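Visitor:
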Amino acid sequence: MEVVAAILGSAVTEAGRSLCGSFSSIKNFISFQSNLSALEKEKKSLVDLKNKVIEDVDYSSDAQMTLWLREVEQILLEVNSVPTGIAANNGKLCVCFFNCSERYRLIKETARMLKEIERLLKVGDIAVKIVGRNYLAKAVEHIPGPSIVNQTTASQNLAQVMDLLKDDDVLRIGVWGMGGIGISLTQISEVEMSESLKRVSFMNNRITKLPDCRICCPETVSLLLQGNRFLSRIPNGFLQAFESLKVLNLSETRIRSLPQSILQLGDIRILLLKKCFYLEELPQLGGLSQLQVLDCSETGIRELPSGMKKLINLRQLCLSGTYNLKTIQSGIVSGLSGLEVLDMTSSAYVWGLKDEANDRQANFEELQNLERLHSLSVRLGRIQSLQNEDLTLIGRLRIFKLLIGPEAISFQSKHDKRKLIISGLQFSGEWIDRLLTNASMMHLNNCSGLNQLLETMAIRSIGSYTGLKSLTITRSSSSLRPDGGCTALDLLPNLEELRLYELTKLGSISELVGLLGLRFSRLKLIEVFRCYGLEYLLTCGNFIISLRNLETIKVSSCESLVEIFNFPSQENFVPEPVVPNLRTLKLVKLPRLKTLSRQDGSGLHSKSISCVYHMKAIEQVEVIKCDNLRKLPLTIENAITMKEIRGQVKWWDQLELEGDNTKSSLERFFNGE
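If you read the sequence shown in my numbering, its first letter stands for residue 1240, the second for the next number, and so on.
(1) State the start and end residues of the unbroken beta strand (DSSP E) segment that holds G1886.
(2) By the 10 Å Cβ neighbour count, where 16 or more other Cβ atoms means buried, how is L1728 classified, buried or exposed?
(3) Could you pull out every residue in the same chain whose Cβ sits closer than 8 Å to the Cβ of A1587, ignoring the five residues on either side in sequence?
(4) Output the distance between the C-alpha atoms of L1905 and I1643, rounded to the nearest integer angstrom.
(5) Kindly indicate which three-state DSSP category K1485 falls into: helix, strand or coil?
(6) Looking at the unbroken beta strand (DSSP E) that takes in L1462, where does it start and where does it end?
(7) One question on the structure: do S1747 and Y1771 come within less than 7 Å of each other, judged by their Cβ atoms?
(8) In the DSSP output, which residue or residues are listed as bridge partners for Y1775?
(9) Cα separation between D1534 and L1489?
(10) For V1311, does the three-state DSSP call read helix, strand or coil?
(11) Using the rule of at least 16 other Cβ atoms within 10 Å of the residue's Cβ for burial, across every protein chain shown, is G1363 buried or exposed?
(12) Classify S1394: buried if its beta carbon has 16 or more other beta carbons within 10 angstroms, exposed otherwise.
(13) With a 10 Å radius around its C-beta and 16 neighbouring C-beta atoms as the bar for buried, classify F1271 as buried or exposed.
(14) Within 10 angstroms of the Cβ of K1283, are there 16 or more other Cβ atoms? Answer buried if so, exposed if not.
(15) Applying the 10 Å Cβ sphere with the 16-neighbour rule, what's the burial state of E1253?
(16) Hey, Q1212 and K1828: beta-carbon distance below 7 Å or not?
(17) Pull up the CB-CB distance for L1921 and L1764, whole angstroms please, since I reckon it's below 8 Å.
(18) Taking the beta strand (DSSP E) that T1901 belongs to, which residues open and close that run?
(19) For I1712, I'd like the list of residues in its chain whose CB is within less than 6 Å of its CB, leaving aside the five on either flank, ordered along the chain.
(20) Using the Cα positions of S1500 and A1480, report the straight-line distance between them to the nearest angstrom.
(21) Give the DSSP-derived three-state secondary structure of M1681 in the structure shown.
(22) DSSP three-state label for E1741, please.
(23) On the DSSP bridge assignment, give the partners of R1657 in chain order.
(24) Relative to the alpha-carbon of N1900, which residue among K1889, W1890, T1874 and G1911 has its alpha-carbon at the smallest distance?
(25) Distance check for R1673 and G1634, CA to CA, integer angstroms please.
(26) Do L1821 and I1857 have their C-beta atoms within less than 7 Å of each other?
(27) Going by DSSP in three states, T1713 sits in which element: helix, strand or coil?
(28) K1653 and S1616 look like a contact to me (Cβ under 8 Å); what is the Cβ gap, rounded to whole Å?
(29) Measuring only the C-alpha atoms, how far is I1661 from A1601?
(30) Kindly indicate which three-state DSSP category I1765 falls into: helix, strand or coil?
(31) Once you ignore the five residues that flank A1863 on each side, which residues in its own chain have a CB closer than 6 Å to its CB?
(32) What does A1861 pair with, by DSSP beta-bridge criteria?
(33) State buried or exposed for M1417, treating a residue as buried only when at least 16 other CB atoms are found within 10 Å of its CB.
(34) May I ask you to report which of helix, strand or coil DSSP gives I1571?
(35) By a C-beta neighbour count over all protein chains shown, 10 Å radius and 16 as the cutoff for buried, is N1290 buried or exposed?
(36) From G1466 to N1444, what distance separates their C-alpha atoms?
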């Protein structure tokens, strides 16, 4: 501030009001200088945080962190573009600052930059704590990869990628996004390249053309070109410059082919081509003997080149979303002896079994040769002829996603580490026991023979399926009332999620409870949709007395539903609180629903009713198009935990709540429609 005062004093003395214009101009100048000083300090903090993110966070698999880094790069370029030389000119104020129309814009811009940096610092600091080093295991698994960090070669590879993305000796050119003072790069000049560069990033620009000549970058180990959506060609001479390249990222570009010079990159470890939608074929990659990670997800490739079977060091092969991939020659994948991760989620290729597959096409049995394989996501045509060897392979996998049947579609689930999705098939045989023993999540869609499946589980099973945590059944007209007897053993003791969609003949979830001996002792979520025959959700008092861990109930479009919980009518029956830890209750399009539990005169006495309706942990309530629901088990105590009540205004006005002050105490949480 002493320097600023000296400059101001000198300027005012020499130039007077004719130079400075007015006292407000001096105030503007002081404000601008203050902003510059704060910007310099905050910029350093942001650069330090950015480096920490690059070092500690696997942002390549986290869309929000990637976006954060883009915003950081943009604001840093804007800050660096601010003209700092306007402050003084030989100890005098620069006349142009006070007289040009830019002065107010510069003050406003620097203030905006300060506010934006403050936001980015706050977001980045929280993100590092959430997805920093402790998050790496999840990030690795999402790519996908191992669930335990630093215990397999695949995770070590990803750690190497993180190391290569550190910010020393890195060339980063261009700005992501539009607006501000920055520009977006459209071309790369060979002049911008240097022999000493080790890491080069031109990611997320608007590059349309690369130098078609032999530039010299012998020490570059990382080249990032992803996100240049207008780049359609990689000249053959361009890649010849990078003889030491280990990481090449061409994801989200419009390239239609890879140049032959890529085969000269004998040291390359990681090749990323994700979302190169126009890429229809790969060159013979057998010469890339050191390649460890190949990501061709969401590309247009139609087949795998035969030379790929020579990639004995390949650890991760990602082919998810390859909707045109219908041919894989026999021996290609099974030749990848070091493969740990094979991800073919939503790929068009269907792995047949040995007795049904074309001899020239890869079959499921070939995967048994991959001794290091621990993560597998593939589609199978059918499962009736699975052999013991096939089930042994599934049993030794730490992570698997098996989509079985022509209609099988994958979706995200909390428990999808060992996912089994079966669609459009008829159940038969005893294979289901072995598959269920290894699964953590099962989705049955449009399958016939569900009654036979339930009988198999209840009668033929030698024990419970302790690993299964999520069960979803959709689109079935089975009665779900098998002829077999009940079992005293809870076959799904660790079930946490139960979803039932479009089961037209389901009268109550209790129909499953007795047959499978379910206690729902760990159940956290019940979600029911379009079960038109459903009359009530559960009967409480026999197998199930209390759902202590249930946190969410979602019921929608069940036209016959008259109550959620059905209780026995014994006069002396005093139930425990049914859902003491329920946090979310969503009821939508239930025209016959009048209350959560009916009392018809022969039912529960008042003490029981109070106990049943105890929901002190409730946080969110949503009631839409349930016009006859006039009562809810809410009391004045619920104001402590409640966050939101959503519904139609007419419904809220007619709602009857216990106690004179209950409704007024909950009024502030109501969000009317």
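Don't be surprised by glycine CBs; every beta carbon is placed ideally from N, CA and C. All values derive from a computational prediction rather than experimental measurement.
Guide: In brief:
(1) What you label residue 1886 is simply residue 647 of the sequence shown in a count that begins at 1. Element bounds for G1886: E1883 to G1886.
(2) Within the sequence shown, numbered from 1, the residue matching residue 1728 stands at position 489. Exposed.
(3) The residue given as residue 1587 occupies position 348 in the sequence shown. Around A1587: T1561, Y1562, N1563, L1564 and K1565.
(4) Locating residue 1905 in the sequence shown gives position 666, where the first residue counts as 1. Locating residue 1643 in the sequence shown gives position 404, where the first residue counts as 1. Roughly 48 Å separates the two Cα atoms.
(5) Stepping through the sequence shown from its first residue, residue 1485 is reached at position 246. Of the three classes helix, strand and coil, the one that applies to K1485 here is coil, per DSSP.
(6) Locating residue 1462 in the sequence shown gives position 223, counting from the first residue. Where L1462 is concerned, the enclosing beta strand (DSSP E) stretches over S1461 to L1463.
(7) Numbered from 1 along the sequence shown, position 508 holds the residue referred to as residue 1747. Numbered from 1 along the sequence shown, position 532 holds the residue referred to as residue 1771. No, these two residues do not count as a Cβ contact at 7 Å.
(8) Start at 1 with the first residue of the sequence shown, and residue 1775 comes out as number 536. According to DSSP, Y1775 bridges with E1802.
(9) In the sequence shown, the residue the question calls residue 1534 occupies position 295. In the sequence shown, the residue the question calls residue 1489 occupies position 250. Approximately 10 Å, taken between the alpha carbons.
(10) Locating residue 1311 in the sequence shown gives position 72, counting from the first residue. In this structure, V1311 counts as helix in the three-state DSSP scheme.
(11) Working through the sequence shown from its first residue, we reach residue 1363 at position 124. Buried is the call here.
(12) Along the sequence shown, read from residue 1 onward, the residue named residue 1394 stands at position 155. Because S1394 carries a pLDDT of 44, less than 50, the predicted location of this residue cannot be relied on, and no value is offered for it.
(13) By one-based count along the sequence shown, residue 1271 stands at place 32. Buried: at least 16 other Cβ atoms inside 10 Å.
(14) If you number the sequence shown from 1, residue 1283 lands on position 44. K1283 should be labelled exposed.
(15) Within the sequence shown, numbered from 1, the residue matching residue 1253 stands at position 14. Reliability fails at E1253, whose pLDDT of 41 lies under 50, so the model's placement of it is uncertain and the value that follows must be treated cautiously. Exposed.
(16) The question about residue 1212 has no answer here: the residues shown for the chain are numbered 1240 through 1912.
(17) The chain is shown only over 1240 to 1912; residue 1921 falls outside these bounds and no answer can be derived.
(18) Your numbering for residue 1901 matches position 662 in the sequence shown. Note, T1901: premise wrong, no beta strand (DSSP E); alpha helix (DSSP H) at T1901 to L1905.
(19) Within the sequence shown, numbered from 1, the residue matching residue 1712 stands at position 473. Around I1712: L1683 and L1739.
(20) Stepping through the sequence shown from its first residue, residue 1500 is reached at position 261. Stepping through the sequence shown from its first residue, residue 1480 is reached at position 241. Whole-angstrom Cα-Cα distance: 10 Å.
(21) Numbered from 1 along the sequence shown, position 442 holds the residue referred to as residue 1681. M1681: strand per DSSP, three-state reduction.
(22) On the sequence shown, residue 1741 is found 502 positions in, with the first residue counted as 1. Looking at E1741 - three-state DSSP - the assignment turns out to be strand.
(23) As a position in the sequence shown, residue 1657 is number 418, starting the count at 1. Answer is F1639, bridged to R1657.
(24) On the sequence shown, position 661 is the one that residue 1900 refers to. Cα-wise, what sits closest to N1900 is T1874.
(25) Position 395 of the sequence shown, counted from the first residue, corresponds to residue 1634. Position 434 of the sequence shown, counted from the first residue, corresponds to residue 1673. So the alpha carbons of these two residues sit roughly 8 Å apart.
(26) The residue labelled residue 1821 in the question sits at position 582 within the sequence shown. The residue labelled residue 1857 in the question sits at position 618 within the sequence shown. Taking 7 Å as the Cβ cut-off, L1821 and I1857 qualify as a contacting pair.
(27) Taking the sequence shown and counting its residues from 1, one reaches residue 1713 at position 474. Here T1713 sits in strand by DSSP.
(28) Taking the sequence shown and counting its residues from 1, the one referred to as residue 1653 is at position 414. Taking the sequence shown and counting its residues from 1, the one referred to as residue 1616 is at position 377. At roughly 17 Å, the Cβ-Cβ gap does not stay under 8 Å, so K1653 and S1616 are not in contact.
(29) The residue labelled residue 1661 in the question sits at position 422 within the sequence shown. The residue labelled residue 1601 in the question sits at position 362 within the sequence shown. Using only the alpha carbons, I get a separation of about 21 Å.
(30) Taking the first residue of the sequence shown as position 1, residue 1765 is located at position 526. Three-state DSSP puts I1765 in a strand.
(31) Position 624 of the sequence shown, counted from the start, is the residue given in the question as residue 1863. The sequence given here has Ile at residue 1863, not Ala. So the list reads V1827, once near-sequence residues are dropped.
(32) Stepping through the sequence shown from its first residue, residue 1861 is reached at position 622. Per the sequence shown, the amino acid found at residue 1861 is Glu instead of Ala. Paired residue(s): K1825 and R1885.
(33) Translated into the one-based positions of the sequence shown, residue 1417 becomes position 178. A caution first: M1417 carries a pLDDT of 29, below 50, which makes its placement in the model unreliable, though a value can still be read off. It is exposed - the Cβ of M1417 has fewer than 16 other Cβ atoms within 10 Å.
(34) In the sequence shown, counting from the first residue as 1, residue 1571 sits at position 332. I1571: coil per DSSP, three-state reduction.
(35) Working through the sequence shown from its first residue, we reach residue 1290 at position 51. Under this definition N1290 is an exposed residue.
(36) Numbered from its first residue, the sequence shown carries residue 1466 at position 227. Numbered from its first residue, the sequence shown carries residue 1444 at position 205. About 7 Å.
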